[in-house]
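If you read the protein sequences in the order shown, they are chains A and B.
1 is the number of the first residue of the first sequence in this note's numbering; add one for each residue after it.
1001 is the number of the first residue of the second sequence in this note's numbering; add one for each residue after it.
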Amino acid sequence: GENVEQHPSTLSVQEGDSAVIKCTYSDSASNYFPWYKQELGKRPQLIIDIRSNVGEKKDQRIAVTLNKTAKHFSLHITETQPEDSAVYFCAASIRGGTGTASKLTFGTGTRLQVTL
Amino acid sequence: GAVVSQHPSWVICKSGTSVKIECRSLDFQATTMFWYRQFPKQSLMLMATSNEGSKATYEQGVEKDKFLINHASLTLSTLTVTSAHPEDSSFYICSARDLGAGNPIQYFGAGTRLSVL
C-alpha cells in the first residue's frame, strides 16, 4: 500500500519567515495530495490540495509543489504568522472516478511553531 | 464547505463497556465515510472505510469485532467500540467525502476523545 513520509517532525520559524514541509510518497498511482492543518484537540482542516496533473498551486500565503517523477510534494508557507502554529499533515490518495472515494494515507505530521 | 458532525466529543467509560460514536454529514450525502484513530502527537491512522448499505472495509490489524461500524443511511455512520479497555483510549475522528461535489476533498468531524478507566 501507500506509504507517506513527512519531514521535518518539528519546525520553528520566526514570524514573517517562510516554512517548508516536505513529503514523499511511494505509490506512483497516487494522484491527489491534500494538506491538512490541525490545531490541538481540533479537527483537521484542509488548507490546500493538488492533483497530479498540476505542478504547483498557490493560495495567498500557501503554496504546494508536486514532483511526480521524484514522488514528492511540499508545502510552502510565506510570511508566517503566530496563528499558523499547528500540526500540518500531508496525505496522498488515488482519486477515483465519480461515485468512488479513495482512502487517504497521512504523513506523520509536522509541528510548526511560529515565534514572535 | 461541507459539514461533518461527530458526537459525542468526549466520553469516559468503565472498562468492559461499549461506546458508540456517531458521524453525520449535515449538508451532503456520503456513501463512504472513514474512521481514523489518532494517538497524542501522532498521525491519523485509518481504521476502516464505512460503506453505506454494505460491510465496512477494515485496515490490516484492526479488529472488526472490536470496532463495529454501521453505515445505515447516506448521512450517518456509527463506530461502536465494544468491550472497551484502557488501551482503546484515543482520539477517534471520522471523515466523509461529498461525492456529489465532484471533488475528492474529505471533511472531518471534530473527533471523539475516548477515555476508558
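Glycine is no exception: its CB is placed at the ideal position from the N, C-alpha and C atoms.
These numbers come from a predicted model, not from an experiment.
Leaving aside the five residues that flank B/Lys1064 on each side, the residues in its chain whose CB is nearer than 6 Å to its CB run, in chain order, Tyr1058.
Here B/Val1116 has Cys1013, Ser1015, Ala1084, His1085, Pro1086, Asp1088, Ser1089 as same chain residues with Cβ atoms under 7 Å from its own Cβ, once five neighbours each way along the sequence are excluded.
Judged by DSSP secondary structure, A/Leu75 falls within the beta strand (DSSP E) whose first and last residues are 72-77. Across the structure, A/Phe106 and A/Tyr88 are spaced so that their CA atoms are roughly 10 Å apart. Going by beta carbons, A/Thr108 and B/Gln1042 fall inside the 9 Å limit. Secondary structure of B/Glu1022 (DSSP, three-state): strand.
The secondary-structure analysis by DSSP pairs B/Met1045 across a beta bridge with B/Arg1037. In this structure, B/Cys1094 is the residue among B/Cys1094, B/Arg1113, B/Thr1082 with its C-alpha nearest to the C-alpha of B/Thr1075. The continuous beta strand (DSSP E) containing A/Glu56 extends over residues 56-59. Below the 8 Å Cβ cutoff, chain B contributes Pro1104 as neighbours of A/Tyr32, in chain order. Under a criterion of Cβ atoms nearer than 9 Å, the residues of chain B adjacent to A/Thr108 are, in order, Gln1042, Ser1043. Residue-level contact check: B/Tyr1092 does not touch chain A, since none of the beta carbons of chain A fall below 9 Å from its beta carbon. Taking a Cβ-Cβ threshold of 7 Å, the residues of chain A close to B/Gly1111 are Arg43, in chain order. At a cut-off of 9 Å between beta-carbon atoms, A/Ser85 makes no contact with chain B. Boundaries of the beta strand (DSSP E) harbouring A/His7: 4-7, taken from the DSSP string. The residues Ser52, in chain order, have a CB closer than 7 Å to that of A/Lys68 in the same chain once the five nearest residues on each side in sequence are set aside.
Pairing A/Val20 with A/Ser74 gives a Cβ-Cβ distance under 9 Å. For A/Phe106, the pairing in a beta bridge is given by DSSP as A/Ala91. Contact between A/Val54 and A/Leu66 holds: their C-beta atoms lie close to 7 Å from each other, under 8 Å.
In this structure B/Ala1048 is in contact with B/Val1062, their Cβ atoms being roughly 6 Å apart against a cut-off of 8 Å. The straight-line gap separating the alpha-carbon atoms of B/Phe1091 and B/Thr1112 is approximately 6 Å. Taken through DSSP and simplified to helix, strand or coil, B/Leu1099 comes out as helix. Bridge pairing for A/Thr10: A/Arg111 [DSSP].
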